[in-house]
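Asker:
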Amino acid sequence: TPAAPTTAAPATTTTAVPAGCKDKTLDFPPYDGFKWYGGFESYDCAEYEKGSLCGVFGQSWHGDRPPANEYCCACGGGDRSHVVTTAAPATPAPATTTPVPTTTTTTTTTTTTTTTTTTRATTTTAAA
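For the sequence shown, my numbering begins at 921 and goes up steadily by one.
Written as structure tokens, this is what we have:
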């Protein structure tokens, strides 16, 4: 018999929230000062962070409540006025070397020896 198909659970990831960021509270009547929530009241910024809901629902308005991307740190919003950012350390440029020109001097000495041989013929005549 064929095996029954299986369905994998969706992957869950957590969004890193910068230190010092604070989720905004609602700032309009009748919700002044209340924490933000989307959909049902159980889906606040903490739930959006845990469930990785920012990518799917972060830009959606929930009735008269603005999107999580504006109010929740995990979704890129929130009050970031107290976030301290540090610059990443500079990566040094790789060391380079400049080739030093080299000079090679070659001296060649040639010695030539010439030998000359002279032969003389001598004729002697006897007196009679």
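Every residue gets a Cβ at the ideal spot worked out from N, C-alpha and C, and that includes glycine.
Where does the unbroken alpha helix (DSSP H) through A988 begin, and where does it stop?
Answerer: Element bounds for A988: A988 to Y991.
Asker: Cβ of P938 within 8 Å of any heavy atom in the ligand PLP?
Answerer: Of the ligands one can find in the structure shown there are none, so the ligand PLP has no counterpart to examine.
Asker: Bridge partners of R985, per DSSP?
Answerer: Per DSSP, H982.
Asker: On the three-state DSSP scale, how would you describe T933?
Answerer: Note that T933 scores a pLDDT of 42, beneath 50, so its modelled location is shaky; the value from the coordinates is reported in the next line. Correct three-state label for T933: coil.
Asker: Candidates G978, W956 and C992: which alpha carbon is nearest D947's?
Answerer: For the residues G978, W956 and C992, the minimum Cα distance to D947 belongs to W956.
Asker: Check for me: the alpha helix (DSSP H) holding P969 runs from which residue to which?
Answerer: Reading off the sequence shown, one finds Glu at residue 969, where the question assumed Pro. Looking at the DSSP string, the run of the alpha helix (DSSP H) that includes E969 is C965 to K970.
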